[in-house]
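Residue numbers (full-length UniProt numbering): 1 to 281.
Using N, Cα and C, we set each Cβ at its ideal position, and we do this for glycine too.
See structure below.
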C-alpha cells in the first residue's frame, strides 16, 4: 500500500492533506469488510475473516451490502435530477463501481463531490476518485464523522461546497458505527445546521427490526472482529435522525424498497437496512 502524496488531492486543496493514520491490517475495518461483501479487492485477511463470519449467518449480509449500495445510487441520481449539484459524502468507504461522483456527474457533469472518511485506504484511492465522468470536481478529506467542525471548516470542503446553496449530505451505512455514547443524533443535527434550506439528507442505517434475538447475537459476534462495533437501531430510533426534515416518498423504508428500479427480489423484507432521503425546509 502506497501513501498518497499531496498531488493526489484536488488541485488547490493540498492544505487539507495529512498523512494517513497507521494502517493496521491485522484488525478488520468496516469499510474493508463492506468492500469484501461487495466483491471488491481492497481488503486483508482479517477483513475477509470478519466478512466470512457474517456470511455464515446467511447470504443476507452480502445482499444487504448490495442493496445499500443500490439505494445510495438511486438517491444520488434522484437528487441530481432535482437540481442538487453539491454532495458531501461522509463515511464513503472504499471506492467501487457507481460512486457518488460518477452517478451525480452522469446527470450533471458539473456536480461537485467531497468525500470524507477516516480510513487511510480511502486516501490511497484519492486519485481514482478524481476521475469524474464530466467537468465536475471531486475532493477527498481524511476526517472522522465525529469531527463536525473540522469537516465543515476544511479548506477543500469550503473550496468545493457553497454553503449558501443546497447541499446533499450523505451518511450512508456509517451511523450504525457510532455508539449512543457519541450522540449520533446530535452529530447529524450539527451537520444539518450548517446547511441551507433546500438541502437534503441521504441516510441508510442497519436495523434490528427484522432480526430475531438469535440473529442479532450472531451479527454482534461477527462484528466483534471489527474495529468499530455495529450499533443496530430500531426504525423509530433511525427516524429521529430526520427530525425537522421533510421525508421524500416513500419515507423511511428498507433499502430495497426506496424507489426501486424494478420489483424488489423475494426476501427483500429481510434486508436489515433502512434508507431515507429528506429535505431541509
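Where residue 212 falls, given that 16 or more other Cβ within 10 Å makes a residue buried: Its Cβ having fewer than 16 others within 10 Å, residue 212 is exposed.
I need the DSSP call for residue 165, collapsed to helix, strand or coil. The three-state reading of DSSP puts residue 165 in coil, since its state is none of H, G, I, E or B.
Quick check for students: name the residue ranges of the beta strand (DSSP E) that lie wholly in the region 185-230, counting only runs of 3 or more. Runs of the beta strand (DSSP E) spanning 3 or more residues and lying entirely within the region 185-230 occur at 200-206, in chain order.
May I ask you to verify whether the region 113-123 touches the region 60-70, counting CB pairs closer than 8 Å and requiring at least 3? No contact exists between the region 113-123 and the region 60-70.
Closest to residue 280 by CA distance: which of 274, 250 and 242 is it? For the set 274, 250 and 242, the Cα lying nearest the Cα of residue 280 is the one of 242.
Rounded to a whole number of angstroms, what is the C-alpha to C-alpha distance between residue 222 and residue 166? Rounded to the nearest whole angstrom, the C-alpha separation of residue 222 and residue 166 is 39 Å.
Residue environment, residue 112, which counts as buried when at least 16 other CB atoms sit within 10 Å: Under this definition residue 112 is a buried residue.
Could you tell me whether the region 29-46 touches the region 63-77, using the rule of 3 or more Cβ pairs below 8 Å? In this structure the region 29-46 touches the region 63-77; the number of beta carbon pairs closer than 8 Å is three or more.
Proximity to residue 278 [Cα-Cα], best of 247, 149 and 152: Per the Cα distances, 247.
Identity of the residue in 137, 276 and 238 nearest residue 88 by Cα: Out of 137, 276 and 238, 137 has the C-alpha closest to the C-alpha of residue 88.
Does residue 234 pass the burial test, meaning 16 or more other C-beta atoms within 10 Å, or should it be called exposed? Exposed.
Can you tell me whether residue 206 is buried or exposed? The criterion is at least 16 other CB atoms within 10 Å of its CB, across all chains shown. Per the 10 Å Cβ criterion, buried.
Does the count of Cβ pairs from the region 73-85 and the region 176-190 closer than 8 Å reach three? Counting Cβ pairs under 8 Å, fewer than three are found: no touch.
Give me whichever residues DSSP pairs with residue 279 in a beta bridge. DSSP lists 200 and 246 as partners of residue 279.
Span of the alpha helix (DSSP H) holding residue 259? It is not in any alpha helix (DSSP H) - residue 259 carries neither H nor E in the DSSP assignment.
Would you say residue 254 and residue 238 are within 9 Å of each other, going by their C-beta atoms? No, they are not a contact pair.
Provide the residue(s) that pair with residue 88 in DSSP beta bridges, ordered along the chain. Residue 88 pairs with 114 and 169.
Which of helix, strand or coil does DSSP assign to residue 143? Of the three classes helix, strand and coil, the one that applies to residue 143 here is coil, per DSSP.
With 16 other CB atoms within 10 Å as the buried threshold, where does residue 262 fall? Around the C-beta of residue 262, fewer than 16 other C-beta atoms lie within 10 Å, and the residue is accordingly described as exposed.
Tell me whether residue 273 sits in a helix, a strand or coil according to DSSP, three-state version. Secondary structure at residue 273: strand, using DSSP grouped into helix, strand and coil.
Beta-carbon within less than 6 Å of residue 267's beta-carbon, same chain only, minus the 5 sequence neighbours each way: which residues are those? None.
Residue 184 versus residue 108 - alpha carbon distance: A direct Cα-to-Cα measurement between residue 184 and residue 108 gives close to 32 Å.
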